[in-house]
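Single-structure report; data block below.
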Ligand SMILES: Nc1ncnc2c1ncn2[C@@H]1O[C@H](COP(=O)(O)OP(=O)(O)OP(=O)(O)O)[C@@H](O)[C@H]1O
Ligand SMILES: Nc1ncnc2c1ncn2[C@@H]1O[C@H](COP(=O)(O)OP(=O)(O)OP(=O)(O)O)[C@@H](O)[C@H]1O
Ligand SMILES: [Mg+2]
Ligand SMILES: [Mg+2]
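Residue numbers (the working numbering), protein chains in the order written: chain A, 4 to 230; chain B, 4 to 230.
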């Protein structure tokens, strides 16, 4: 469902060239629970951003759900992001002027097939599942770091996407909250067949993954399959 | 060196009142390596912000290095923050238009007693110690999440403060990078007698701490001393 073929990402920084990804190839099947692990700065977020169609490779091909996204125009990519992908950002990227529930509802409004009553129901359900039922009206500035992370998680899951990209989703969570979130995600993976791709430093996520992809200095250095 | 006496923090949210801290009392000696642990939303950041003089208690007293900060004016607090406290924020709070090294240098410029050559030396030293020697010229937008976190760490340590407040400083770091940072901090604690107060979900930080303060729903629920 996700094919990355010989993807490289290079940046020009003054006189120097920084290579964030070098000739990376990965293939992920529908329904996998895959984890990307590696040191800080090794290229995990860069790779997830390619898959999430919010960044463009310098070279190579990215194929999402059978569609080659390399060279597509912004409207086509926006459509793919709205209907197929759910992204939990490392920096959350919540809208500060909206409440938690309005933030979770926001991407659902863009999908015309979901009527208002169904939207409200999903928002309440996912906020509850991440333990934020009582905080629905708080705005991001009135929430703790881990609470904001959980709003970002609820927002990505509420659209029932085919592929969920989770960039260090447990980084700001205590052990128990993180455990609850991971169990929820595993359930969605088991029952709906949703594909999950994590970037993580959390040993628990790596243990739950059916595929562990190790990255270092922008290159894939190992892969373990754990069916 | 830090005394919190019957501190409460309440917010008004529309019709409801949210109690972030309730009647919290804590005393921390100079030279301690103390950790504050508790679930997401339990009040850790709120308490650290009180100690760091960037937030004001609704009731109770906060005494830092012998000085009662309750009711002080902004200039006096700014002076305390510049010379006595180092803060590693949960959301990093780097200046996006400055490079990594300029971000680390920034608080040092405010301390007149540090001449320019010494400033440059310290910035290079701490960036190197957190593994970012090669990234000194990158701006925050050109860094990974864990790299930004490490710039925030270097910035807090470079002023050689008496008290370092670290709000989940290893959240975005892989195991090895986090380990290096914690060893650096323990060394500074051993050799300079710097007081460290962490908010953390990381079991390693809790294990290294000489005092573990457990917080839940805005109240202290336990304390373990581990000399
Ligand atoms: N705009 C940019 N210009 C130059 N270099 C960049 C830019 N953006 C990212 N980089 C570099 O690309 C590399 C990979 O970054 P990336 O964010 O993918 O790392 P990561 O594996 O997600 O790290 P972390 O675990 O710390 O989040 C880093 O070394 C970073 O400094
Ligand atoms: N401005 C505000 N208005 C209302 N409630 C607030 C406000 N700021 C924080 N809170 C609430 O105060 C509580 C404590 O927040 P705090 O940020 O201290 O938690 P924390 O222990 O640091 O959590 P985490 O581990 O997730 O970072 C949270 O439940 C939060 O929703
Ligand atoms: Mg990252
Ligand atoms: Mg916090």
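No residue lacks a Cβ here, since even glycine has one placed at the ideal position from N, Cα and C. Note that this is a predicted model, so its numbers are computed, not measured.
Whose CA, out of the options, lies closest to the CA of residue i?
| i | options | result |
| --- | --- | --- |
| residue 93/A | 159/A, 166/A and 6/A | 159/A |
| residue 1/B | 190/B, 12/B, 211/B and 199/B | The displayed coordinates of chain B run from 4 to 230. Any statement about residue 1/B would go beyond what the structure contains. |
| residue 56/A | 88/A, 184/A and 153/A | 88/A |
| residue 30/A | 52/A, 14/A, 4/A and 12/A | 4/A |
| residue 196/B | 14/B, 34/B and 76/B | 34/B |
| residue 229/B | 220/B, 212/B and 216/B | 212/B |
| residue 170/A | 95/A, 106/A and 120/A | 95/A |
How long is the line joining the alpha carbons of residue i and residue j, rounded to whole angstroms?
| i | j | result |
| --- | --- | --- |
| residue 58/B | residue 155/B | 19 angstroms |
| residue 145/B | residue 191/A | 34 angstroms |
| residue 222/B | residue 6/A | 49 angstroms |
| residue 142/A | residue 118/B | 43 angstroms |
| residue 203/A | residue 225/B | 31 angstroms |
| residue 82/B | residue 48/B | 21 angstroms |
| residue 128/B | residue 147/B | 20 angstroms |
| residue 182/B | residue 75/A | 42 angstroms |
| residue 10/A | residue 101/B | 30 angstroms |
| residue 84/B | residue 106/A | 34 angstroms |
| residue 193/A | residue 214/B | 42 angstroms |
| residue 120/B | residue 26/A | 42 angstroms |
| residue 99/A | residue 116/A | 26 angstroms |
| residue 112/A | residue 210/A | 35 angstroms |
| residue 14/A | residue 14/B | 45 angstroms |
For residue i, I'd like the list of residues in its chain whose CB is within less than 6 angstroms of its CB, leaving aside the five on either flank, ordered along the chain.
| i | result |
| --- | --- |
| residue 208/A | 38 and 201 |
| residue 73/B | 64 and 65 |
| residue 205/B | 173 |
| residue 8/B | 28, 63 and 64 |
| residue 78/A | none |
Once the 5 residues before and after residue i are set aside, which same chain residues still bring their CB inside 7 angstroms of it?
| i | result |
| --- | --- |
| residue 150/A | 135 and 138 |
| residue 86/A | 114 |
| residue 32/A | 4 |
Please list, in chain order, all residues of the same chain as residue i whose beta carbon is under 8 angstroms from its beta carbon, the five residues on each side excluded.
| i | result |
| --- | --- |
| residue 108/B | 122, 123, 126 and 161 |
| residue 184/B | 133, 153, 156, 172, 173 and 176 |
| residue 12/B | 22, 23, 24, 46, 49, 53, 58, 60, 61 and 221 |
| residue 216/A | 29, 37, 38, 39, 40, 223, 225 and 226 |
| residue 164/A | 86, 87, 88, 89 and 197 |
Thinking C-beta only, is residue j closer than 8 angstroms to residue i?
| i | j | result |
| --- | --- | --- |
| residue 218/A | residue 45/A | yes |
| residue 36/A | residue 189/A | yes |
| residue 16/A | residue 140/B | yes |
| residue 187/B | residue 132/B | yes |
| residue 180/A | residue 42/B | yes |
| residue 104/B | residue 130/B | yes |
Which chain D residues sit within Cβ distance under 8 angstroms of residue i?
| i | result |
| --- | --- |
| residue 93/B | Within the model displayed, chain D is absent; protein chains A and B are what it includes. |
Report yes or no: do the segment 13-25 of chain B and the segment 53-71 of chain A share at least 3 C-beta pairs separated by less than 8 angstroms? no
Is there contact between the segment 64-84 of chain B and the segment 167-186 of chain A, where contact requires at least three CB pairs shorter than 8 angstroms? no
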